[in-house]
Amino acid sequence: AQSVSQHNHHVILSEAASLELGCNYSYGGTVNLFWYVQYPGQHLQLLLKYFSGDPLVKGIKGFEAEFIKSKFSFNLRKPSVQWSDTAEYFCAVRERMNTGFQKLVFGTGTRLLVSP
Amino acid sequence: DTGVSQDPRHKITKRGQNVTFRCDPISEHNRLYWYRQTLGQGPEFLTYFQNEAQLEKSRLLSDRFSAERPKGSFSTLEIQRTEQGDSAMYLCASSSQGGKAGANVLTFGAGSRLTVL
Chain P
12 AQSVSQHNHH VILSEAASLE LGCNYSYGGT VNLFWYVQYP GQHLQLLLKY FSGDPLVKGI
72 KGFEAEFIKS KFSFNLRKPS VQWSDTAEYF CAVRERMNTG FQKLVFGTGT RLLVSP
Chain D
-7 DTGVSQDPRH KITKRGQNVT FRCDPISEHN RLYWYRQTLG QGPEFLTYFQ NEAQLEKSRL
53 LSDRFSAERP KGSFSTLEIQ RTEQGDSAMY LCASSSQGGK AGANVLTFGA GSRLTVL
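For the record, the sequence lines run as chains P and D.
So the first sequence is numbered by this note's numbering: it starts at 12 and just counts up by one.
So the second sequence is numbered by this note's numbering: it starts at -7 and just counts up by one.
Right, dumping it as structure tokens:
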């Protein structure tokens, strides 16, 4: 079964610092990849997704992610974080089951704290 | 609000009691999902509906759990004889089927937090 690893459980940055959050999934083939964000007290929201095409994907709020197939990675980046980026970030991969159903498998999340 | 709605937002119950959560998906979405999220973990898949048909269930969904989507619109998740290990956030999500912009992308509700004492 597919699994997703997010190596950084907690990240603390100052405003304007650059951000990179790691995400690795366990095996290849055709994958759909996602980053979701959960701001304090709010629901999970989609930041960006990769289905096919350009491996560098741009999302909302200045976030981008790069799909590197050879490394089974889909790292999230932002050149300059803001205090409002304080949130928990979840990487997810869509896994096709034997039944044909495609299940979204999440990593354990990375808590980002941006200090003003 | 045209997002995914969940009710109640919080539920505190005693061990052994039954609880029921409701999810109202985005109206034009025919696919509905239940996930569970515990502290320090990402959401874990529980079950999936396409219209009114429950097409997929996780091994996490013990026989104390039952989910329905009777008319293909709202869904309920019932937990019978709750245990302390059931304490978690229960998330509902919905999506449309392929072919449309945004298809196959899950939109999540705010969740129903269950605390079993």
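Cβ atoms here follow ideal geometry from the backbone N, Cα and C, with glycine treated the same way.
Thr121/P and Leu32/P do touch by the CB rule: their CB atoms are close to 5 Å apart, below 8 Å. The way I'd put it, the segment 17 to 25 of chain D doesn't touch the segment 54 to 65 of chain P; fewer than three beta-carbon pairs between them come closer than 8 Å. Our two residues, Ser104/D and Lys3/D, have alpha carbons roughly 7 Å apart in a direct line.
The C-alpha of Tyr36/P is placed about 6 Å away from the C-alpha of Phe83/P.
In the three-state scheme derived from DSSP, where H, G and I count as helix and E and B as strand, Asp96/P is classed as helix. In the DSSP assignment, Leu58/P falls within the beta strand (DSSP E) that extends over 56 to 61.
Chain D places no beta carbon closer than 8 Å to that of Lys72/P, leaving this residue out of the contacts. In this structure Leu124/P is exposed. Its beta-carbon is surrounded by fewer than 16 other beta-carbon atoms within 10 angstroms. Under the three-state reduction of DSSP, Lys63/D is assigned to coil, being neither helix nor strand. Residue environment for Thr110/P: exposed (fewer than 16 other C-beta atoms within 10 angstroms of its C-beta).
Arg7/D places its beta carbon less than 8 Å from that of Leu109/D.
Relative to Arg107/P, the option among Thr5/D, Gln33/D, Glu48/D whose CA is nearest is Glu48/D.
Among the residues facing chain P, Val97/D is included, as its CB has a counterpart in that chain under 8 Å away. Residues of the same chain with a CB within less than 7 Å of the CB of Phe66/D, apart from the 5 flanking positions on each side, are Arg14, Cys15, Asp16 in chain order. The Cβ neighbour count for Pro35/D, taken over all protein chains shown within 10 Å, is at least 16; the residue is labelled buried. Residues of chain D with a Cβ closer than 7 Å to the Cβ of His54/P are, in chain order, Phe100, Gly101, Ala102, Gly103. Residues of the segment 56 to 87 of chain P whose Cβ lies closer than 9 Å to any Cβ of chain D, in chain order: Gln56, Leu57, Lys60, Phe62.
Per the C-alpha coordinates, the member of Gln49/P, Phe78/P, Pro66/P, Lys69/P positioned closest to Ala98/P is Gln49/P. Taking 8 Å as the upper bound for CB-CB distance, Leu98/D and Ser87/D are in contact here, some 5 Å apart. Beta-bridge pairing by DSSP links Ala103/P to Phe45/P, Phe117/P. Out of Gln46/D, Leu106/D, Leu83/D, Ser79/D, the CA that lies nearest to the CA of Phe112/P is found in Gln46/D. Taking 8 Å as the cut-off between beta carbons, the residues of the segment 110 to 124 of chain P near chain D are Thr110, Phe112, Gln113, Lys114, Leu115, Val116, Phe117, Gly118, Thr119, Gly120, in sequence order. In this structure, Val92/P and Ser14/P do not form a Cβ contact; the two beta carbons are roughly 27 Å apart against a cut-off of 8 Å.
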